[in-house]
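Undergrad: Each residue of the sequence shown is one higher than the last, beginning at 1 in full-length UniProt numbering. We put the beta carbon where it would ideally sit given N, CA and C, even for glycine. Everything numeric in this text was worked out from a predicted model, so none of it was measured. One structure follows; several queries about it will come next.
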Amino acid sequence: MKNITAEELKTKLSDNIRVIDVREGYEYSNGHVPGAINIPMSEIEGRVSEIKEGDYIICQSGARSTNVCQWLEMQGLTITNVQGGTSSFRGVLEY
1 MKNITAEELK TKLSDNIRVI DVREGYEYSN GHVPGAINIP MSEIEGRVSE IKEGDYIICQ
61 SGARSTNVCQ WLEMQGLTIT NVQGGTSSFR GVLEY
């Protein structure tokens with residue numbers, strides 16, 4: 001699994017990347033990385049078809065996204081985990 005920091009993610013946002021936020025909906029609505037798509041970890045298995053090669057996976061601190069990335073790689077997807085999660089993101093969040 002590939003890993004990047006939240007600061008590295010911030011520099012890539014202008015590259016039209018897809019960020020998948022795997023936190024629960026109430027966490028997502030309390031602030032998320034701009035443009036992030038919410039697919040909660042609890043729904044990943046049923047919504048795996050919505051995940052694309054090259055997506056960046058983020059959560060609050062990096063633990064859930066690591067677990068999700070490991071599972072997605074077992075499904076054959078190449079994705080990137082955002083270490084440190086939203087709590088490490090030093091940019092303006094969307095609400």
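1) Who are ASN67's beta bridge partners in DSSP?
2) Suppose you measure from the CA of ASN30 to the CA of ARG64; what does that come to, to the nearest Å?
3) Could you tell me the boundaries of the beta strand (DSSP E) in which LYS2 lies?
4) Does the segment 46 to 56 come close enough to the segment 86 to 95 that 3 or more CB-CB pairs lie under 8 Å?
5) Which same chain residues, not among the five before or five after CYS59, have their C-beta less than 6 Å away from its C-beta?
6) Taking the alpha-carbon positions, what's the THR78 to HIS32 distance?
TA: Short version:
1) Start at 1 with the first residue of the sequence shown, and residue 67 comes out as number 67. According to DSSP, ASN67 bridges with nothing at all.
2) Residue mapping note: residue 30 aligns to position 30 of the sequence shown, counting from 1. Residue mapping note: residue 64 aligns to position 64 of the sequence shown, counting from 1. Going by the C-alpha atoms only, they are around 17 Å apart.
3) Along the sequence shown, read from residue 1 onward, the residue named residue 2 stands at position 2. 2 to 5 is the extent of the beta strand (DSSP E) around LYS2.
4) no
5) Here the question's residue 59 lines up with position 59 in the sequence shown. Here the set comprises VAL22, ARG23, SER65 and GLY85.
6) By 1-based counting over the sequence shown, the position of residue 78 is 78. By 1-based counting over the sequence shown, the position of residue 32 is 32. About 23 Å.
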